[in-house]
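Chemist: Going letter by letter, the sequence shown gives residues -12 to 124 in the numbering used here.
Backbone N, C-alpha and C fix where the C-beta goes; we use that ideal spot for every residue, glycine too.
Here the structure is a predicted model, which means the values were calculated and not measured.
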Amino acid sequence: MKKIIFTLALASFGFLGCGQKSTIKTNQTQKTEKQIDGNIYILSKTKFAKAIEKKGVQLVDVRTPGEYQDGTIKDAQLIDYKQPKTFDSKFAALDKDKPLYLFCRSGARSQAAAKKLVEMGFKEIYDLEGGYLNWTN
């Protein structure tokens, strides 16, 4: 009898503790597709485009200057993730309390940048799903 109760308790714990892969969350700014690491949200191309239409949006391209020169999203500021000193100083000048929109070539660098920005105190970070490659398709 004790084994049955123990087994049921373990099974219940397993069902309650697992299953948090990504959270779908709604906040006052917009509906997001995927929330990761608390303050970081992945947006589809459509939702990202709609969000950055607003005036005064903090939009940052974290690619290299060469990639930026080959094309970028209108009004995006270049802050190269691969240049740590410049990265830190330029982001320090931005408003940590305002939403921040990031993108890179495919999404990997912007995810790494987003995690660093959370550590720097940014509260709301939106990353373009699939990066600039997705944006141009």
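Under 8 Å Cβ to Cβ from T51, same chain only, skipping five residues before and after it: list those, please.
Modeler: Stepping through the sequence shown from its first residue, residue 51 is reached at position 64. Cβ neighbours of T51 beyond the five flanking positions: D67 and K69.
Chemist: For Q98, which three-state DSSP category applies?
Modeler: Along the sequence shown, read from residue 1 onward, the residue named residue 98 stands at position 111. Residue state, collapsed to three classes: helix.
Chemist: Hey, would you say K37 sits closer than 8 Å to Y28, going by beta carbons?
Modeler: Here residue 37 corresponds to residue number 50 of the sequence shown, with the count starting at 1. Here residue 28 corresponds to residue number 41 of the sequence shown, with the count starting at 1. No. Outside cutoff.
Chemist: Run through the DSSP bridge pairs and tell me what L81 is partnered with.
Modeler: Numbered from 1 along the sequence shown, position 94 holds the residue referred to as residue 81. None, per the DSSP bridge assignment.
Chemist: Closer than 7 Å by C-beta to K62: which residues in its own chain qualify, once you throw out the five before and the five after it? Chain order, please.
Modeler: The residue labelled residue 62 in the question sits at position 75 within the sequence shown. Per the sequence presented here, residue 62 reads as Asp, with Lys not at that position. The answer, listed in chain order, is L46.
Chemist: Along the chain, where does the beta strand (DSSP E) that runs through Q45 open and close?
Modeler: The residue labelled residue 45 in the question sits at position 58 within the sequence shown. Q45 to D48 is the span of the beta strand (DSSP E), which, as asked, contains Q45.
Chemist: Could you tell me the boundaries of the alpha helix (DSSP H) in which V55 lies?
Modeler: Walking along the sequence shown from the start, residue 55 turns up at place 68. Going by the sequence as given, residue 55 is Tyr instead of Val. Y55 -> alpha helix (DSSP H) spans P52 to Q56.
Chemist: Between the C-alpha atoms of A101 and Y88, what's the straight-line distance to the nearest angstrom?
Modeler: Within the sequence shown, the letter at position 114 stands for residue 101. Within the sequence shown, the letter at position 101 stands for residue 88. Approximately 9 Å, taken between the alpha carbons.
Chemist: In terms of residue numbering, what span does the beta strand (DSSP E) encompassing Y68 cover?
Modeler: One-based indexing of the sequence shown puts residue 68 at position 81. Y68 -> no beta strand (DSSP E), and no H or E assigned at all.
Chemist: When you compare only the Cα positions, how much space is there between G118 and S97?
Modeler: Along the sequence shown, one-based indexing puts residue 118 at 131. Along the sequence shown, one-based indexing puts residue 97 at 110. Cα-Cα distance, rounded: 8 Å.
Chemist: Can you name, in chain order, every residue of its own chain whose Cβ lies under 7 Å from the Cβ of F78, other than the five neighbours on each side?
Modeler: Here residue 78 corresponds to residue number 91 of the sequence shown, with the count starting at 1. So the list reads I66, L104 and M107, once near-sequence residues are dropped.
Chemist: By the three-class DSSP mapping on this structure, what secondary structure does F90 have?
Modeler: Residue mapping note: residue 90 aligns to position 103 of the sequence shown, counting from 1. Here F90 sits in strand by DSSP.
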